[in-house]
Amino acid sequence: MAEALIIVDYTNDFVADKGALTAGKPAQEVDTRITELATEFAARGDFVFLPTDIHVAGDPYHPETKLFPPHNQENTWGRLYYGQLAKWYAAHDDDSNVFAFPKRRYSSFAGTPLDQWLRERRITSVHIVGVCTDICVLHTAIDAYNLGYDITIHADACATFNPDGAKWSLDHFKNTLGATVVSGK
Ligand code: ZN
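Here my numbering is used: position 63 in the sequence shown is 50, and no number is missing along the way.
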């Protein structure tokens, strides 16, 4: 049965030192592991999805405008993938099992065709990685739970701004969403 790796928001704005809304070093430290997982999933014929925030600066109708500085605007450096993942994506963006797509909310399922793409491919198991553990990874996992997917969270490939948020989220994934939380190979 095919599985999916969902790499959430691993862009310069969330990861790089100069990113507009960066989680900084903890986010940079998971670059290698995220890229390893992408390589593994793609090579064995599983699927890699890269849902990525997209915003218009100052959009008066978007709820994040009041909450965060402008980030991940279309056609900006901030919205490009960070580090090793950027190189990996450049080499794999034409692969038939690699899909990058925009999202406008925290969850990768909100207002996107992700659920349909997964169901069309008979995928029932999703592996979620990226940033931020307690925001977009969390909301994506909650929707995956509500839609009936088996969930694996790779703790060594997720990162966030604050350690308390990371710890709370990892407990929540396991104890409340029934996810398998793994770390290491
Ligand atoms: Zn956003």
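Where is the CB? At the ideal position from N, CA and C, for every residue including glycine.
Inset, instruction - Have a look at the DSSP bridge pairing and note the partners of G117. - result: Translated into the one-based positions of the sequence shown, residue 117 becomes position 130. Under the DSSP definition of a beta bridge, G117 partners with V(-5) and C145.
Legend entry - Proximity test, H42 beta-carbon vs the ligand ZN heavy atom, cut-off 8 Å: Within the sequence shown, residue 42 is the residue found at index 55, counting from 1. H42 Cβ: within cutoff of the ligand ZN.
Inset, instruction - Report yes if the CB atom of T(-2) is closer than 9 Å to the CB atom of D46, and no otherwise. - result: Within the sequence shown, numbered from 1, the residue matching residue -2 stands at position 11. Within the sequence shown, numbered from 1, the residue matching residue 46 stands at position 59. No, the Cβ-Cβ distance between T(-2) and D46 is not below 9 Å.
Inset, instruction - Taking 9 Å as the cut-off, decide whether the C-beta atoms of R91 and H126 are in contact. - result: For this step, residue 91 is matched to residue 104 along the sequence shown. For this step, residue 126 is matched to residue 139 along the sequence shown. Not closer than 9 Å, so no.
Legend entry - T22 burial status per 10 Å Cβ neighbour count (16 or more: buried): Here residue 22 is taken as the residue at index 35 of the sequence shown, counted from 1. When all chains shown are included, T22 counts as buried.
Inset, instruction - Select from E16, L134, I115 and G171 the residue whose C-alpha is nearest the C-alpha of L37. - result: Position 50 of the sequence shown holds residue 37. Looking at the Cα atoms, I115 is the closest of the given residues.
Inset, instruction - On the DSSP bridge assignment, give the partners of V2 in chain order. - result: By one-based count along the sequence shown, residue 2 stands at place 15. Per DSSP, none; premise fails for V2.
Inset, instruction - Run the CB neighbour count on R106, radius 10 Å, all protein chains shown included, and call it buried at 16 or more, exposed below. - result: To locate residue 106, count along the sequence shown from 1; it is residue 119. Label assigned to R106: exposed.
Legend entry - Bridge partner(s) assigned by DSSP for D40: In the sequence shown, the residue the question calls residue 40 occupies position 53. According to DSSP, which records beta bridges pairwise, D40 is partnered with K90.
Legend entry - Range of the contiguous alpha helix (DSSP H) that encloses T22: Within the sequence shown, residue 22 is the residue found at index 35, counting from 1. Taken as a continuous stretch (DSSP letters only), the alpha helix (DSSP H) holding T22 covers D18 to A30.
Legend entry - For S112, three-class secondary structure by DSSP: Here the question's residue 112 lines up with position 125 in the sequence shown. It is a strand residue.
Inset, instruction - Please find out if some non-hydrogen atom of the ligand ZN comes closer than 8 Å to the beta-carbon of E107. - result: What you label residue 107 is simply residue 120 of the sequence shown in a count that begins at 1. No - the ligand ZN has no heavy atom lying nearer than 8 Å to the Cβ of E107.
Inset, instruction - Check whether the Cβ atoms of V118 and A97 lie closer than 9 Å to each other. - result: Counting from 1 along the sequence shown, the entry for residue 118 is found at position 131. Counting from 1 along the sequence shown, the entry for residue 97 is found at position 110. Going by C-beta atoms, V118 is not nearer than 9 Å to A97.
Inset, instruction - May I have the straight-line CA-CA distance separating E27 from E(-10), to the nearest angstrom? - result: On the sequence shown, residue 27 is found 40 positions in, with the first residue counted as 1. On the sequence shown, residue -10 is found 3 positions in, with the first residue counted as 1. About 11 Å.
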